[in-house]
Each structure stands twice: as C-alpha cells, then as structure tokens.
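Undergrad: Got a structure for you, written out below as structure tokens; questions coming shortly.
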Amino acid sequence: MLRTMEGIESLVYGIGIAGVAAQAAAGVLDAGRKPFDLFGIVVVALAAALGGGTLRDLLLDRAVFWIADQRYLIGAMAAGLATFALVRLVRLPARLFLLPDALGLALFTVSGTQAALALGAPWLVASLMGVITGVFGGIVRDVLCNELPLVFTGELYATASWAGALLLLGLMAHGTSPGQAALAGGSLTLALRLCAIRFGWRLPMFKARS
Amino acid sequence: MLRTMEGIESLVYGIGIAGVAAQAAAGVLDAGRKPFDLFGIVVVALAAALGGGTLRDLLLDRAVFWIADQRYLIGAMAAGLATFALVRLVRLPARLFLLPDALGLALFTVSGTQAALALGAPWLVASLMGVITGVFGGIVRDVLCNELPLVFTGELYATASWAGALLLLGLMAHGTSPGQAALAGGSLTLALRLCAIRFGWRLPMFKARS
Amino acid sequence: MLRTMEGIESLVYGIGIAGVAAQAAAGVLDAGRKPFDLFGIVVVALAAALGGGTLRDLLLDRAVFWIADQRYLIGAMAAGLATFALVRLVRLPARLFLLPDALGLALFTVSGTQAALALGAPWLVASLMGVITGVFGGIVRDVLCNELPLVFTGELYATASWAGALLLLGLMAHGTSPGQAALAGGSLTLALRLCAIRFGWRLPMFKARS
Numbered sequence: 002m003l004r005t006m007e008g009i010e011s012l013v014y015g016i017g018i019a020g021v022a023a024q025a026a027a028g029v030l031d032a033g034r035k036p037f038d039l040f041g042i043v044v045v046a047l048a049a050a051l052g053g054g055t056l057r058d059l060l061l062d063r064a065v066f067w068i069a070d071q072r073y074l075i076g077a078m079a080a081g082l083a084t085f086a087l088v089r090l091v092r093l094p095a096r097l098f099l100l101p102d103a104l105g106l107a108l109f110t111v112s113g114t115q116a117a118l119a120l121g122a123p124w125l126v127a128s129l130m131g132v133i134t135g136v137f138g139g140i141v142r143d144v145l146c147n148e149l150p151l152v153f154t155g156e157l158y159a160t161a162s163w164a165g166a167l168l169l170l171g172l173m174a175h176g177t178s179p180g181q182a183a184l185a186g187g188s189l190t191l192a193l194r195l196c197a198i199r200f201g202w203r204l205p206m207f208k209a210r211s
Numbered sequence: 002m003l004r005t006m007e008g009i010e011s012l013v014y015g016i017g018i019a020g021v022a023a024q025a026a027a028g029v030l031d032a033g034r035k036p037f038d039l040f041g042i043v044v045v046a047l048a049a050a051l052g053g054g055t056l057r058d059l060l061l062d063r064a065v066f067w068i069a070d071q072r073y074l075i076g077a078m079a080a081g082l083a084t085f086a087l088v089r090l091v092r093l094p095a096r097l098f099l100l101p102d103a104l105g106l107a108l109f110t111v112s113g114t115q116a117a118l119a120l121g122a123p124w125l126v127a128s129l130m131g132v133i134t135g136v137f138g139g140i141v142r143d144v145l146c147n148e149l150p151l152v153f154t155g156e157l158y159a160t161a162s163w164a165g166a167l168l169l170l171g172l173m174a175h176g177t178s179p180g181q182a183a184l185a186g187g188s189l190t191l192a193l194r195l196c197a198i199r200f201g202w203r204l205p206m207f208k209a210r211s
Numbered sequence: 002m003l004r005t006m007e008g009i010e011s012l013v014y015g016i017g018i019a020g021v022a023a024q025a026a027a028g029v030l031d032a033g034r035k036p037f038d039l040f041g042i043v044v045v046a047l048a049a050a051l052g053g054g055t056l057r058d059l060l061l062d063r064a065v066f067w068i069a070d071q072r073y074l075i076g077a078m079a080a081g082l083a084t085f086a087l088v089r090l091v092r093l094p095a096r097l098f099l100l101p102d103a104l105g106l107a108l109f110t111v112s113g114t115q116a117a118l119a120l121g122a123p124w125l126v127a128s129l130m131g132v133i134t135g136v137f138g139g140i141v142r143d144v145l146c147n148e149l150p151l152v153f154t155g156e157l158y159a160t161a162s163w164a165g166a167l168l169l170l171g172l173m174a175h176g177t178s179p180g181q182a183a184l185a186g187g188s189l190t191l192a193l194r195l196c197a198i199r200f201g202w203r204l205p206m207f208k209a210r211s
C-alpha cells in the first residue's frame, strides 16, 4: 500500500503515538474509579501508556523511548488530561477505547519484538518482549489501583499479542521481509483481540486444589 | 550564603542522606501497621528511601546511586532500625517526620531534575525525573503494603515537586546559575509542601461516571 | 567433592535452572488461588522465577540473565506449565516445593552476592544483591496477586539469605577461596531456611502505636 519505507515509518510512528494516547485514556478511566487526585490519575495514565515500552527498554539496555523522544510523553499526558476533562462533561462509553487500545497492542507487540530481534535476542525472548511491551503498562495500572491485573483475568489480550509476535518471528525465519512480517503479525494480534472482545474468547482458568 | 561549590555540594550531600533517612523512617511507620516482620519492615523502609532515585538512575542509564556510594544505604538502614526501636519505646507523633520528609522531597526534586538535564534530557522529561525521584519511593512503599498510594490521594506532594522542578528549569532557561535555580526550585517545593500540610491544600479529584 | 571448576560451574548452572523451575512452580500454586487465566498464571510464574535476578542485573547494569541465555526462560515456562497440568490431575502437597525452593534461594543468594562482588560493589551492597536475587521474585508474585508479600510475614526467608551472604563475604575477606565461601554461605542459607520451616522460626514483628 505504502510505497516508501519513510511512509511506513511515519505510519508506525503515528500509530505508536495513538496507541500511547489510547492506553493513557484507558488508564484515566481505570484510575477515575479510585479516590485519586488529578496527579494520581495522570501518573496512572502515564504508567499505563509508557510502562510496557519502558520495561522493554530497561531489559534490553536501550535508551528509554519516551526519554529519547518526549513526544510520546506529551501525547500520553495530553490524552490523559483530555480524557479527564471529557469524562467530567459527557458520559463516554468505556468501549470507545477498545479499538485504539487494540491498535496500540498490535503495534507495541510488533515494535517490541523487532527491537529485541535487532539487538540479537533469541526468538523466545523476542516474542516475550513483544508481549511485555504490549501488556506491562496495563499490569502496572492495575497494581497502582490495588486491583488484580485485568490482563490476567479477561478476554484474550496477551495471548493475542503473543500469537502475533510468534507469527512475525515464524515468517521472518522463512525469509519474509520485516515489513510484511510486521504487517501480518500485527494484523493477527489486532484481529484476535477484536474477535476476543466481540465473542468473549478466554483462556482456561484454574483453581488449584491445594 | 555558602561561598564555595564544595560547601554547597557537601550541604546537598548531607540533606540527601537526611532525606533518605527521613523517608526510611516514614516507611517504617507505614509498614508497622501491617503484620510484617523486622525484615519486611526494613525492606519497605529501603524501598521508600531509595526507590525514587533508583528508578531515576535506571531510566537515565546511570550507575544506581546507592550502589555507587553505600553511605545512602547505611543511612537508610540505620534510620529504619532506629525508628523500629524508638517506636517500641516511645510514642512518636507521626507528624514528626513531615519536615525532614519535605526537605528530602525538595532535594530529591532538585537532584533528579539536574541529573536528567546533565544527561541532555528534554525539559519535560527532566521535570518528570525530579518528580519520580521525589515520589516513586512512597508509591512502592504503599504498593508493598497493599494500599492505594498516598501520593495519589492526600495533600499536594507530587504537585509541589513538579512546581519546583518547573521553576528550576524556567530559571535556568533564562540564564540563572544552576545553584540559584536549584535553591529557588527546592524552596518552592518545600514551601508548597509545608503549606499543603498546614492548610490542607489538595488537587481536584474525580469519579468517572462510566 | 568435584575436582574441576567446570564441574562446579555446571553444578551451579544445573541448580540455577532447578531453582528457577521450583520458584515458577511455587508461583503457579500461588496464582492458582486467584481467578487468573492460563496466561496470568504463566506470567506470575515467570515473575516469581526470574524477578529477583532481573532486578539484580538491572541494578548492576549487567545483561539480564534470561535474555542472554534463554534456557532459564524455557525452564521456568516448562515448570510453570507442567505444574499447571499436574495440579489439574493430582493433588500436590504444597510443601513438596519447599525443598527445591530453598535450594534455589541458597543458590540465588550465592550467585547474586558474587555477581555484585565481581563488579566491585561494596560489601553491604553485595550482600543485599544476594538477598534481592533470592527474594524479589516472591515479592513481585505476591504484589501481582494483590496480597501482602509472604516474604515479609512468614518463617525466616530473607534472613536466611542474608546470613548466608554475610558468611560468604566474611570468609572471602579472610582469604577463603570463592568456591568454598560460596559452599559455606549457600549451606548456611539452606540450613537456616529448612530449620525455619521445620521449627517455625520467625523474626520479631511489631505494630506501630502511631
């Protein structure tokens, strides 16, 4: 569709900012159910939006992405404050955020996996980096709100991320170009997540008998 | 007031140790409300005292301050154990710790902001590093105690830190020397925090309707 | 007993994998009491098994061990999934995991302490790195499960780790070879932990009066 690498890169960058903003908005909606003040809500929003990529960069010993380029930080803060203001004015349906959040998950998965590959990480580690980038922010958000992480209990989320990361890695191992593998992996993550929301797909749960 | 940079540096160093010790003592008082053993209390005290600076150093890819200079660690442990012993002997007013804690907040804000600036971080990131250095320890303390972070719910704390960091950055952008900007920024943080405690200043809170 | 350094190293490596696997299994048993799905349980197991060493490597600015060598990751995931499957089939006594877990604690203590020493850390920092490597995974596990960290409330655990680390450091300061000091320190940790389980040894607790 896009003819130049620059086109793809600016698309990826734009979706990255959009994903960060969507997860910041979701963080505000979550934190707003607690007796937090404005600062607490902004912190939870930033942790939700930036937590996954931060842990990925610390683990891979790269420069932390939002320190190297503060547009991510500004995007997350602006989205968090805008959501804070909007929620006081109009009643937003919580499901409104699910589509950009799913887009962000797909992009974070792809970017996390490829960042790890670029640094020579083995395949299993690279796939986990994709998952960590996609889901860790949501885990931090729920820990700060003193709740069980939603990622561990709801419809497919991390599983969708992992499936996309593995598809990307499998395609690249068979010679597919990085761009096409990223497109395929990201699309699988997005499709799985949207289907999981629509049809209520879940992983098996268990209660230990001990 | 002080004529040499060495004088300022040893003053800053002393306040830094005092701030670490004060936050360790506050951690003991917080953890002591839980059924923790002595070790758990010491860990919470260390996390409260060293957590903010540790996250700052990890994010900025600097050597972690208490690993490079273990006097911070010894100060935090000594303060934690002394508080543990004192609380068993006499009834300490909880508010006793608010003054050194506020001093520590002001100093951590200044040192975190300047450390980020020295590494070339953009201004918004630098101001957030000041805030992170000041408040992250208290967040970890409350997460370990399985409570909502007090920083998100009480009187102005992080906001005082952020205001001081922004003043410091604004003054330096207009040519003020680092030492004077640090003095002004730190003083603003300290004054705001003390006034917030005295007069109950808070940020607006909200409950999302969704 | 073993005549070559290679023999010792492969023994240490094997116990390391076993320790990681044991802590992953313990993580599954803990997470299984919550309404987590399979992914959530695997994440808690990985966090329990790899969290301590990860924090150690981040603090010391080393390559994260399970990224450099993914056999640790595979071991932790295999042990977590096997435990998940087993618990659905047969009733496992929870105490079954205490022996390998104690072995893992002893080994993690030794390896964490020596890794810090090798990087020139002062003795107090080095001993804490041993403790962090041994216990941080269990703390993350309990925070993710929204519970008070067991490490802070139960029988001697971190204390056993610290005693072993200090013995190792004391012996090395008096000229004992690293291998013998590691054996002595690890044995002390293991013995203290097993005695604490058997005889219910605990540290003093306190409730602050404020």
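Protein chains in written order, with the working numbering: chain A, 2 to 211; chain B, 2 to 211; chain C, 2 to 211. Ideal placement from N, C-alpha and C gives every residue a C-beta, glycine not left out. Note that this is a predicted model, so its numbers are computed, not measured.
Just how far apart, CA to CA, sit Met-2/B and Ala-69/B?
TA: As a working note, residue 2/B is residue 1 in the second sequence. As a working note, residue 69/B is residue 68 in the second sequence. Any reading at Met-2/B is ruled out, since the residue's pLDDT is 43, under 50, leaving its predicted position unreliable.
Undergrad: Between the alpha carbons of Gly-28/C and Gln-115/C, how many angstroms are there, rounded?
TA: Taking the third sequence and counting its residues from 1, the one referred to as residue 28/C is at position 27. Taking the third sequence and counting its residues from 1, the one referred to as residue 115/C is at position 114. Cα to Cα, Gly-28/C sits roughly 26 Å from Gln-115/C.
Undergrad: Quick one: residues in its chain with C-beta nearer than 7 Å to the C-beta of Gly-53/B, no 5 flanking neighbours on either side, listed in chain order?
TA: In the second sequence, residue 53/B corresponds to position 52, counting from 1. Excluding residues within five positions, the ones whose Cβ falls inside 7 Å are Phe-109, Ile-133, Thr-134, Gly-135, Val-136, Phe-137 and Gly-138.
Undergrad: So, Leu-191/B versus Ala-107/B, is the Cβ gap smaller than 8 Å?
TA: Residue numbering aside, residue 191/B sits at position 190 when the second sequence is read from its first letter. Residue numbering aside, residue 107/B sits at position 106 when the second sequence is read from its first letter. Result yes, Cβ atoms of Leu-191/B and Ala-107/B sit closer than 8 Å.
Undergrad: Under 8 Å between beta-carbons, which chain A residues line up against Thr-114/B? List them in chain order, please.
TA: The residue you call residue 114/B lines up with position 113 of the second sequence. Simply none; closest approach about 13 Å.
Undergrad: Take Pro-205/C as the anchor and find which of Phe-66/B, Leu-56/B, Arg-63/B and Leu-82/B has the nearest alpha-carbon.
TA: For this step, residue 205/C is matched to residue 204 along the third sequence. Measuring from the Cα of Pro-205/C, the nearest candidate turns out to be Leu-82/B.
Undergrad: Can you give me the C-alpha to C-alpha distance between Val-21/C and Leu-51/C, rounded to a whole angstrom?
TA: Counting from one through the third sequence, the residue named residue 21/C turns up at place 20. Counting from one through the third sequence, the residue named residue 51/C turns up at place 50. Each residue's alpha carbon lies about 7 Å from the other.
Undergrad: Between Val-44/C and chain A, is the shortest Cβ-Cβ distance under 8 Å, so that the two count as touching?
TA: Along the third sequence, read from residue 1 onward, the residue named residue 44/C stands at position 43. Chain A, which has a Cβ nearer than 8 Å to the Cβ of Val-44/C, makes this yes.
Undergrad: Does Cys-196/A have its Cβ less than 8 Å from a Cβ in chain C?
TA: Along the first sequence, one-based indexing puts residue 196/A at 195. By this cut-off, Cys-196/A is not an interface position.
Undergrad: Counting only Cβ pairs nearer than 9 Å, list the residues of chain B close to Ala-64/A.
TA: In the first sequence, the residue the question calls residue 64/A occupies position 63. Under the 9 Å cutoff, chain B gives Asp-62.
Undergrad: Measuring straight from C-alpha to C-alpha, what distance separates Trp-163/A and Leu-129/A?
TA: On the first sequence, position 162 is the one that residue 163/A refers to. On the first sequence, position 128 is the one that residue 129/A refers to. The alpha-carbon atoms of Trp-163/A and Leu-129/A are separated by roughly 7 Å.
Undergrad: Expressed to the nearest angstrom, what Euclidean distance is found between the alpha-carbon atoms of Ala-159/B and Gly-76/B?
TA: One-based indexing of the second sequence puts residue 159/B at position 158. One-based indexing of the second sequence puts residue 76/B at position 75. Between Ala-159/B and Gly-76/B, the C-alpha separation is close to 24 Å.
Undergrad: Can you list, in chain order, the residues of its chain with a C-beta nearer than 6 Å to that of Leu-56/B? Leave out the 5 residues immediately preceding and following it.
TA: Numbered from 1 along the second sequence, position 55 holds the residue referred to as residue 56/B. Within the same chain, Leu-56/B has close Cβ partners Ile-133 and Phe-137.
Undergrad: Sorted by chain position, which residues of the same chain lie with C-beta nearer than 7 Å to Arg-203/C's C-beta, five sequence neighbours on each side aside?
TA: Looking up residue 203/C in the third sequence gives position 202. Once the five neighbours on either side are set aside, the close Cβ partners of Arg-203/C are Glu-156 and Leu-157.
Undergrad: Got a sec? Which residues, its chain only, sit under 8 Å from Leu-104/A by beta carbon, not counting five neighbours each side?
TA: As a first step, residue 104/A is located in the first sequence; it is residue number 103 there, counting from the start. Closer than 8 Å at the Cβ level, and outside the excluded window around Leu-104/A, lie Ile-16, Ala-19, Gly-20, Ala-23 and Leu-191.
Undergrad: At 7 Å on the CB atoms, spell out the chain B contacts of Arg-203/C, in chain order.
TA: To locate residue 203/C, count along the third sequence from 1; it is residue 202. Correct list: Asp-38.
Undergrad: Compute every distance between the C-beta of Ala-192/A and the non-hydrogen atoms of the ligand NAP, then say whether any falls below 7 Å.
TA: The ligand NAP is not part of the structure shown, which contains no ligands of any sort.
Undergrad: Does Val-111/A come within less than 8 Å of chain C when only Cβ atoms are used?
TA: Numbered from its first residue, the first sequence carries residue 111/A at position 110. Closer than 8 Å: no.
Undergrad: Does any residue of chain C have a CB that is nearer than 8 Å to the CB of Gly-165/B?
TA: Residue numbering aside, residue 165/B sits at position 164 when the second sequence is read from its first letter. At a cut-off of 8 Å between beta-carbon atoms, Gly-165/B makes no contact with chain C.
Undergrad: Going by Cα to Cα distance, which pick from Ala-185/C, Leu-172/C and Ala-117/C is closest to Leu-59/C?
TA: In the third sequence, counting from the first residue as 1, residue 59/C sits at position 58. Closest option to Leu-59/C, Cα to Cα, is Ala-117/C.
Undergrad: In whole angstroms, what separates the C-alpha of Ala-49/B from that of Arg-142/C?
TA: Position 48 of the second sequence, counting from 1, holds the residue named residue 49/B. Position 141 of the third sequence, counting from 1, holds the residue named residue 142/C. Spanning the two alpha carbons is a distance of roughly 19 Å.
Undergrad: Please check if any C-beta of chain A sits within less than 8 Å of the C-beta of Met-2/B.
TA: In the second sequence, counting from the first residue as 1, residue 2/B sits at position 1. Residue placement at Met-2/B is flagged as unreliable, the pLDDT there being 43, under the threshold of 50; a coordinate-derived value is accordingly withheld.
Undergrad: Quick check on Gly-41/B - is its C-beta less than 8 Å from some C-beta in chain C?
TA: Translated into positions along the second sequence, residue 41/B becomes position 40. Yes, its Cβ sits closer than 8 Å to a Cβ of chain C.
Undergrad: Whose CA, out of Ala-25/A, Ala-32/A and Pro-150/A, lies closest to the CA of Pro-150/B?
TA: Your numbering for residue 150/B matches position 149 in the second sequence. Checked all of Ala-25/A, Ala-32/A and Pro-150/A; the closest Cα to Pro-150/B is Ala-32/A.
Undergrad: Where does Gly-81/A fall in DSSP's three states?
TA: Looking up residue 81/A in the first sequence gives position 80. Residue state, collapsed to three classes: helix.
Undergrad: Flag this pair as yes or no: are the beta carbons of Leu-168/A and Leu-189/A separated by less than 8 Å?
TA: Locating residue 168/A in the first sequence gives position 167, where the first residue counts as 1. Locating residue 189/A in the first sequence gives position 188, where the first residue counts as 1. Taking 8 Å as the Cβ cut-off, Leu-168/A and Leu-189/A qualify as a contacting pair.
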